[in-house]
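As structure tokens, the structure follows; a few thoughts come after it.
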Amino acid sequence: MENIPILEVKSLSKKFKDFQAVNNLSFTVNTGDVYGFLGPNGAGKSTTIRMILSLIYPSNGDVFLFGNSIKTHRASIMKKVGAIVERPDFYGSLSAKKNLEILSKMQMEEVSKNRISETLEWVGLLDRADSKVKTFSQGMKQRLGIAQALIHNPELIILDEPTNGLDPHGMKDIREMIISLNKDYNKTIFLSSHILSEVEILANRMIIINKGEKLVEGNVNEILLSGKQNLTVEVVDVNSALSIINGSEYQQNFKSIEKNKIFLSLQRNKVPELNKFLVQNNVDILSITPTRTLEEFFLSLT
Amino acid sequence: MKNIYILTKLEIFKLFAKGRSYIAFGAIAFLVFVIQVALLVDGKNFFEFQTQNLRDTFLFEGNLLNGYLTVYVILTALLIHIPFLIALVSGDLIAGETSAGTLRFILTRTASRLEIITAKFITCILYSTLLVIAMALLSLISGILLFGKGDLFVVRDTIYIFSENDVLWRLIASFGFSILGMSTVASLAFLFSSFTDNSVTPIILTMVIIIAFMILSSIDLSIFKLMKPFFFTTYMNNWRLLFEEPFNLYKLINSSFILVFHIALFFGISAYNFTKKDILS
Chain A
6 MENIPILEVK SLSKKFKDFQ AVNNLSFTVN TGDVYGFLGP NGAGKSTTIR MILSLIYPSN
66 GDVFLFGNSI KTHRASIMKK VGAIVERPDF YGSLSAKKNL EILSKMQMEE VSKNRISETL
126 EWVGLLDRAD SKVKTFSQGM KQRLGIAQAL IHNPELIILD EPTNGLDPHG MKDIREMIIS
186 LNKDYNKTIF LSSHILSEVE ILANRMIIIN KGEKLVEGNV NEILLSGKQN LTVEVVDVNS
246 ALSIINGSEY QQNFKSIEKN KIFLSLQRNK VPELNKFLVQ NNVDILSITP TRTLEEFFLS
306 LT
Chain B
0 MKNIYILTKL EIFKLFAKGR SYIAFGAIAF LVFVIQVALL VDGKNFFEFQ TQNLRDTFLF
60 EGNLLNGYLT VYVILTALLI HIPFLIALVS GDLIAGETSA GTLRFILTRT ASRLEIITAK
120 FITCILYSTL LVIAMALLSL ISGILLFGKG DLFVVRDTIY IFSENDVLWR LIASFGFSIL
180 GMSTVASLAF LFSSFTDNSV TPIILTMVII IAFMILSSID LSIFKLMKPF FFTTYMNNWR
240 LLFEEPFNLY KLINSSFILV FHIALFFGIS AYNFTKKDIL S
């Protein structure tokens, strides 16, 4: 499929007094992407998202959505963009339905009551449509946040850490929604996260930023293959496995040992070879688990 | 304009969905009721006390403790304190949404920042207007029902007596002028609301400014007399001009323009700040 840019960030910078929050950041999101926007807390992700949505004005650079600058075409652009910026905050004393009605009217387009009900049903909140939002759990608020982003049927959905503060069940629900929005409804997703595994599961392309600057951008698999990751190899007989590893090329990848687990640092594309090597040397493997964190990945990049 | 109309309707809905918006109406209803009942019980003594120095010179006849007098008493007493109630709501209109985080969400919709702040400002002025109208209706209706009509006897630097037929329009015009005064207070709280992330600060700042201006205006020093024309509070109480003879129309219109200028100035600064500022909350 031809790559059609839907979001282009060009040389974007933001300085707050003496603090450079974002520095000369450029990247492109194409139509149909689930684009991971990855970085540790404080990397400048939310500042960048706020600049994309014109909540914050850039010190330098520009943001183009659907080929137009957000500076000059904000209203027409926002008709085609839905977003959650950080926490999903609503009018707590109003019902979920009323909140969606208000936000959809602020879109300056007629949104039918059916559309509101359909959206609430899609996020699994139809039975709580008339409940006051202040009675909602964090997970329900997050789902309502997705509903408000979808209510006007946008082409691009910007999600800023949508699984933050959720329990594993809530995280799973939100991730399934993101996959469905992309696969079933052809929405382009711009997903900010500080969890590498989340981006790995959901995104096809990604950018990693730190201290407001780009570290790497590209295809998720290619990026992840390029760096080393930590592996936990769980075996039946740790001593015999360790002696085999020590006498091989994998000796340089050895990091530590704990009970029946051997910790190695290895490039992702070398994992099948390691597996094969251990099996050929009669090592009984219980599991091989990648345990790379975002921080470790950063270290492998720098 | 259509956008602003839609947004204003939404703002009014949101405003009246909040409990705090009714505090001012409740307080006014309560105070009007208490003052009227107190005047009903002890009004005769109150009136005699007010006029005791004049009784040797004048003969008082007819229903002088009437509904119009009670409305005048209420106007004098409450218009000094209503700014507190107005600041409570106006100061929360932007800052409340900033601290609650809902501002982020509404600013990611199609509506522009200028349209949003204009709708909020219209709501702010409408609220002040409604509050003064509620006070006018409550005090006039209850006053006339409880005490009936009659001539209005006003003791200021001198004594003014207005015949029964000449009072109602003056009271209505006073409430009308008070709308301008209260809208100026609301605009000031709104201005502070556009600068801060919590709604307590604008309320406190507004009240500090009003109290400071009133205190400085009341001190009889030449430096404060020179400053007095520059305090908008100086003009807020000029509804009293309507209860003087001869009636100084020029001064009343001048005061009205000065208040309107302040309202426009406060809104202009609010709008400029709101459209230019980074939303960090």
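Chain order of the listed sequences is A and B.
Note that the working numbering has the first sequence beginning at 6, numbered continuously upward.
Note that the working numbering has the second sequence beginning at 0, numbered continuously upward.
Glycine included, C-beta positions come from ideal geometry on N, C-alpha and C.
Note that the structure is a prediction, hence the values are computed from the model and not measured.
Check	Outcome
Asn35 (chain A) beta carbon less than 9 Å from that of Pro63 (chain A)	no
Backbone CA spacing between Thr237 (chain A) and Asn274 (chain A) [nearest angstrom]	15 Å
For Ser74 (chain A), the three-state DSSP class (helix, strand or coil)	strand
Within-9 Å CB hit, Asp94 (chain A) to chain B	yes
Bridge partners - Pro10 (chain A), DSSP secondary structure assignment	A:Asn35
Rounded straight-line distance, which links the Cα of Ile214 (chain B) to that of Leu170 (chain B)	27 Å
Proximity of Leu105 (chain A) and Thr124 (chain A) at Cβ, strictly below 9 Å	yes
Cβ-Cβ separation, Ile228 (chain A) to Leu247 (chain A) (assumed contact under 8 Å), whole Å	At roughly 31 Å, the Cβ-Cβ gap does not stay under 8 Å, so Leu247 (chain A) and Ile228 (chain A) are not in contact.
Same chain only: Cβ atoms within 8 Å of Glu114 (chain A), ignoring 5 sequence neighbours per side	Lys84, His157
9 Å Cβ cut-off: residues of chain B touching Arg55 (chain A)	Arg103, Asp277, Ile278, Leu279
Cross-chain neighbours of Ser98 (chain A) in chain B, by beta carbon under 7 Å	Ala16, Lys17
8 Å CB neighbourhood of Lys264 (chain A) in its chain, flanking five on each side removed	Val243
Best match in B:Ser254, B:Phe29, B:Ser186, B:Tyr271 for proximity to Thr122 (chain B) [C-alpha to C-alpha]	B:Ser186
Neighbour flag for Arg239 (chain B) against chain A, beta carbons, 9 Å	no
Rounded C-alpha distance that separates Thr157 (chain B) from Phe29 (chain B)	32 Å
Nearest-angstrom Cα separation, counted from Glu244 (chain B) out to Gly90 (chain B)	38 Å
Paired residues, beta bridge with Glu239 (chain A) - DSSP	A:Lys266, A:Ser292
Status (buried if at least 16 other CB within 10 Å, exposed otherwise) for His80 (chain B)	exposed
Separation of Asp23 (chain A) from Asp196 (chain B), as counted between CA atoms	22 Å
Min CB distance Ser111 (chain B) to chain A below 9 Å	yes
C-beta contact flag for Ile214 (chain A) and Leu30 (chain A) at 9 Å	yes
Member of B:Leu63, B:Asn2, B:Ser192 whose CA lies at the smallest distance from the CA of Leu39 (chain B)	B:Leu63
Inter-stretch contact (C-beta, 8 Å, three-pair minimum) for the region 91 to 103 of chain B and the region 133 to 140 of chain B	no
Interface flag, Lys84 (chain A) vs chain B, CB-CB below 9 Å	yes
Paired residues, beta bridge with Gly25 (chain B) - DSSP	Bridge partners of Gly25 (chain B): none, in fact.
Spatial neighbours of Val43 (chain B) in its chain, beta-carbon cut-off 8 Å, leaving aside the 5 residues before and after	Note that residue 43 (chain B) is Lys in the sequence shown here, rather than Val. Excluding positions up to five away in sequence, the list reads Leu64.
Residue-level contact to chain A via CB, Lys13 (chain B), 9 Å cutoff	yes
Three-state secondary structure (DSSP) of Thr193 (chain A)	strand
Proximity of Glu166 (chain A) and Gly100 (chain B) at Cβ, strictly below 9 Å	no
Nearest-angstrom beta carbon gap, Phe12 (chain B) and Gln153 (chain A) [assumed within contact, 8 Å]	Not confirmed; about 17 Å, so no contact.
Buried versus exposed call for Pro201 (chain B) [16 or more other C-beta atoms within 10 Å across all chains shown]	buried
Proximity to Glu239 (chain A) [Cα-Cα], best of A:Asp172, A:Gly72, A:Leu291	A:Leu291
Interface flag, Thr107 (chain B) vs chain A, CB-CB below 9 Å	yes
Among B:Leu264, B:Phe266, B:Trp238, nearest to Asn253 (chain B) - alpha-carbon criterion	B:Trp238
Own chain, CB closer than 6 Å to Phe32 (chain A), minus 5 neighbours either side, in chain order	Val14, Ile212, Glu222
Check whether Leu6 (chain B) and Met111 (chain A) have beta carbons under 9 Å apart	yes
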